[in-house]
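Notes follow once the structure below has been shown.
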Amino acid sequence: MLPPLPVAAARGPRQLPSDSRLFTGRTVEGEFLAGVARLAPEGTEAGMVVLCVITGMGGVGKTALAVRTAHRVGERFPDGQLFLDLRSHTAGLEPLSAEDALETLLRSLDVPADRIPSGLTDRAALYRARLSGTRTLVLLDNASSAAQVRPLLPGSTGCLVLVTSRSPLVGLDDAHLLTLDVLPEDDAVDLLRRAAGAGPLPVPTPTTDPASPAAPAIGELADFAELARLGGRLPLALRILGARLRHRPRLTAAALVEELREERHRLGLLRDEDRDLAALFRASYRDLPPEEQRLLRLLGVLPGEDLEVCAAAHLLGADRRGAERLLESLLGHHLLAQPTPGRYRMHDLVRSWSRTLAEEEPPARREIAGRRLLDHYQDTAERAGHRLARYRGHRPAPTGPAPRPAPDVDSPERARDWLRAERNNLLAAMARSGDPQRRSVITAALAPILELDGPRSEEAALHLAAAEAAAAQGRSLDRAEALWRAGRAHRLAGRFEESAELFDRAEQLYRELGDAHGRTHSAWERGRLAYQSGDLARAVELYGRALAGYRELGDPQGEAHTLWDLGRARRMLGETDIAEELLAAALAAYRSLGDRAGEAHALSDLADLRYCCGRTADSGDLLEQALTIARELGDRQSEANAAWLLGRIRLLQGAHPQARDLLDLALARCRELGIRQGEASTLSALGELHLVTGRTAAAVELQREAAAVFRTTGNPHGEANALHGLALALRATGDRAAATGLLHGALETFEADGDLQAQAEVLNSLGLLAADLGDLPAALDRHRRALELARRSDSPLDEARALLGIGRCLPPAERPAALDAVRRGLVLLEAAGAAEAADARARLALLTAAHPQAAAQP
1 MLPPLPVAAA RGPRQLPSDS RLFTGRTVEG EFLAGVARLA PEGTEAGMVV LCVITGMGGV
61 GKTALAVRTA HRVGERFPDG QLFLDLRSHT AGLEPLSAED ALETLLRSLD VPADRIPSGL
121 TDRAALYRAR LSGTRTLVLL DNASSAAQVR PLLPGSTGCL VLVTSRSPLV GLDDAHLLTL
181 DVLPEDDAVD LLRRAAGAGP LPVPTPTTDP ASPAAPAIGE LADFAELARL GGRLPLALRI
241 LGARLRHRPR LTAAALVEEL REERHRLGLL RDEDRDLAAL FRASYRDLPP EEQRLLRLLG
301 VLPGEDLEVC AAAHLLGADR RGAERLLESL LGHHLLAQPT PGRYRMHDLV RSWSRTLAEE
361 EPPARREIAG RRLLDHYQDT AERAGHRLAR YRGHRPAPTG PAPRPAPDVD SPERARDWLR
421 AERNNLLAAM ARSGDPQRRS VITAALAPIL ELDGPRSEEA ALHLAAAEAA AAQGRSLDRA
481 EALWRAGRAH RLAGRFEESA ELFDRAEQLY RELGDAHGRT HSAWERGRLA YQSGDLARAV
541 ELYGRALAGY RELGDPQGEA HTLWDLGRAR RMLGETDIAE ELLAAALAAY RSLGDRAGEA
601 HALSDLADLR YCCGRTADSG DLLEQALTIA RELGDRQSEA NAAWLLGRIR LLQGAHPQAR
661 DLLDLALARC RELGIRQGEA STLSALGELH LVTGRTAAAV ELQREAAAVF RTTGNPHGEA
721 NALHGLALAL RATGDRAAAT GLLHGALETF EADGDLQAQA EVLNSLGLLA ADLGDLPAAL
781 DRHRRALELA RRSDSPLDEA RALLGIGRCL PPAERPAALD AVRRGLVLLE AAGAAEAADA
841 RARLALLTAA HPQAAAQP
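For the sequence shown, the numbering used here gives the first residue as 1, with consecutive numbering after it.
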């Protein structure tokens, strides 16, 4: 009979590796693990041992976090702290079997070798018996599978088990799961500096002198930030890079950045005596099944940074279900990440390594896989671009069935989402492709999303490159359309001279080809260019030519666009009734075509017209509809336009916080898209808001900035509007002489443009200035001229302001007329829902109180 087993020592084994002084960040994750540790004395609700699996890609710092946590909570587990490397990914060694792992753990618990059973089941039973009733922490590092870990779990409460693995170990149903990502930027830089011996980032204080030796130079911090980025913010890579800097004092962070920029050399720099990032990735690769290995090799030919299931299926030559299964497997091994549902991407350093790995795939297979992927991108981009395009013109829709599997791009919304998600991949595919025609086709397909999202400089450059490629191959129609698109991008960016030159070149090609549709497009876009340049008469002429052309060609979409543009131009000329008819016709046409983007644009402009006619309730409702449609469509340009217009209405109504939110949104969208003139218009509106809320200095600066943008983009009409706003802000500062000069300049511009409504606005402002200076006859004259122009241009708001100005300036002998003018002005302001009505009511009350007899007269 065997003697009884010795009782474990009162103080159990203490096997934890030493903690690292370089450990940085992971505060939230550490608190989560500490919270899990606090559950150990009572166990889970079912009375089971508390288990947490820490998972993540190789090098992300799983072991460092587990060790740091184990030291932090170790005193809670006085009966032992066990550590065991299960060697799942240890180079040159086989993973420990559960049986061998149990033998090691039992020896650590002072079980003699001759008392350790030979079978897995008996060893697990003895292990659980030894830990029963104890408070022991077990750290199992580098696990490969749930089957490897399950026999190593204690059987009852009181113990805590921490497991690290590159796999989530989904078979451990009762485990808490913590997935580690790369470090946030600040923590990554901090770790890199510590590893390099530069010390942690100093904590800034109000008294810190930026010039003191303790404060790192801005350039140095930028170099460390870039070094952290190139190291993928992966803790192991950052430690290796830091050690390289620490042990080579003459090597600067800036020099190391330059060495790392060359991607093919990057992984070679991320190794030292006993740490090798590429070897770590290779170990993960070696443990994959053959199908997953092949996918990882083929991902090395991926031109972009991420992909979805259909792209992976074409890369593999597999069906959708098979591709998804393999992607999910690589996700589970942390060789892929999933930033958004349905999309997969590699960590930057894994991607660099996979490109080397791709060379192991036979060249012919690599080429075939790459071609399948490019064909998929081109075909889907063509179909999505055609579906999303607001104007399809005479280009036929792509024919034939889509290669399967294919993403659903059969609605404008789904087409937009696909193009937006794949934009960078498509651009990378174009750069990778040696086929100029493929590049031209993909660029044309991207046109709708480029127009929606900008930036305009990139949009124009891409279309110009496509035009050059088409010219080299003698494809004149493709060249003309690319030039036309580039001209459109320059127009939207406010670069009018470049735009006109490109339209000239496109129109010449259309004429040589006898392309009536192309010539009609050219007339339409030239009209838009004239409109934005302030040449309204020329714009109306060109729009009329385009409208006739589209009707003759039987093109209802082109007709709808031109009706909309013509309505806007007529409205600027003061022809309000005609403009409203044209905009209403455009709205009806867009709705019949199912063009929701066009509907949003028409609603916005119809609302703007009604706003200027004093029907603000109607216009607010229309703009809310337009804003909703724009957001549903993800159309940021329409969203910017509707937000700007609605912001102006809320400003008029005195709802200043709402106005600020809307105008800030419009400004952000215009800047994202590179719409300089929209940016300038919004800056000017924000200037008006600051003026009425008492922030005069800010109003002056905003109006100056708006005027400068309009001037840079060659829009004298917009510049005159901003200078009008600047004049009002300067008036508030007391600089009336400068304000008067600006207003006279703006009036000259508006007179040259024939913009009656804008002339009325400026004349009212000149009346206010004259009244400030005590020249009431001059003020009265200007308000009367403004009244006439406001009525001719059907602008009730300007009419109301003119009437109020007249009421202020009439001499005492004409008090009945003054009261009548103020009453009529008040009625108009109240109908418009304008906040100015409150001041008008107060003015009327004062006049009535001072002259009751005049107030009593009819």
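Idealized CB from N, CA, C, for every residue including glycine. Nothing here was measured: the structure is a model prediction, and the numbers come from that model.
query	result
Can you say whether glycine 554 is buried or exposed, counting buried as having 16 or more other CB atoms within 10 angstroms of its CB?	exposed
For asparagine 142, report the span of its beta strand (DSSP E) as first-last.	136 to 143
Which whole runs of the alpha helix (DSSP H) in the region 576 to 618 are 4 residues long or more, in chain order?	576 to 593, 596 to 612
So glutamine 81 is in the beta strand (DSSP E); what residue range does that whole segment cover?	80 to 85
Write down every uninterrupted run of the beta strand (DSSP E) in the region 329 to 354 whose length is 3 residues or greater and which is fully enclosed by it, in chain order.	343 to 345
Give me whichever residues DSSP pairs with isoleucine 54 in a beta bridge.	Thr164, Leu178
For glutamate 719 and glycine 687, what's the separation of their Cα atoms in angstroms?	14 Å
Measure the C-alpha to C-alpha separation of alanine 523 and leucine 477 and round it to an integer number of angstroms.	17 Å
Considering only their Cβ atoms, is the gap separating alanine 415 from arginine 456 smaller than 8 Å?	no
If you draw a straight line from the C-alpha of threonine 207 to the C-alpha of aspartate 190, how long is it?	Bear in mind that a pLDDT of 46 at threonine 207, under 50, signals an unreliable position, so the model cannot answer this.
When burial is assigned at 16 or more other CB atoms within 10 Å of the CB, is threonine 27 buried or exposed?	exposed
Let me know the secondary structure DSSP gives arginine 371 once reduced to three states.	helix
Quick check on this structure: which residue in Arg123, Val182, Gly300, Ala311 has the alpha carbon closest to the alpha carbon of tryptophan 353?	Gly300
How would you write the range of the alpha helix (DSSP H) that aspartate 478 sits in, first residue to last?	476 to 492
Select from Asp435, Val50, Val309, Ala237 the residue whose C-alpha is nearest the C-alpha of leucine 160.	Val50
Which residue's Cα is closest to the Cα of glycine 61: Ala537, Arg791, Leu280?	Leu280
Looking at C-alpha atoms only, which residue of Arg420, Gly317, Ala389 is the closest neighbour of proline 403?	Gly317
May I have a chain-ordered list of the beta strand (DSSP E) segments no shorter than 3 residues that lie completely inside the region 630 to 671?	none
Cutting at 8 Å between CB atoms, please list the residues of its own chain near proline 168, excluding the five before and the five after it.	Val53, Thr55, Leu177, Thr179, Gly332
Tell me where the beta strand (DSSP E) around leucine 153 begins and ends.	That residue, leucine 153, is in no beta strand (DSSP E); it is neither H nor E in DSSP.
Using DSSP with H/G/I as helix, E/B as strand and the rest coil, what is leucine 464?	helix
Which residue spans inside the region 100 to 136 form an unbroken alpha helix (DSSP H) run of at least 4?	120 to 131
Where does aspartate 306 sit, in a helix, a strand or coil, going by DSSP?	strand
Any chance the region 800 to 808 sits against the region 823 to 835, with 3 or more Cβ pairs inside 8 Å?	yes
Have a look at serine 88 and alanine 255 and give me their C-alpha separation to the nearest angstrom.	36 Å
In its own chain, which residues sit with a C-beta less than 6 Å from the C-beta of arginine 68, not counting the 5 before and 5 after it?	Asp19, Phe23
Any idea if alanine 779 is buried or exposed, counting beta-carbon neighbours within 10 angstroms, 16 or more meaning buried?	buried
Alpha carbon to alpha carbon, what distance is there between alanine 472 and aspartate 181?	47 Å
Can you find a C-beta in chain B that's less than 8 Å from the C-beta of alanine 630?	The chain labelled as chain B is not found in the depicted structure, where only one protein chain is given.
What is the residue span of the alpha helix (DSSP H) that asparagine 424 lies within?	412 to 432
Could you tell me the distance, in whole angstroms, from the CA atom of alanine 840 to the CA atom of arginine 801?	10 Å
In its own chain, which residues sit with a C-beta less than 7 Å from the C-beta of serine 132, not counting the 5 before and 5 after it?	Gly155, Ser156
Rounding to the nearest angstrom, what Cα-Cα distance links threonine 693 and aspartate 306 in this structure?	48 Å
Am I right that glutamate 799 and leucine 787 are in contact with their C-beta atoms under 8 Å? What's the rounded C-beta distance?	6 Å
What is the residue span of the alpha helix (DSSP H) that glycine 825 lies within?	815 to 832
If you draw a straight line from the alpha carbon of threonine 848 to that of alanine 837, how long is it in whole angstroms?	16 Å
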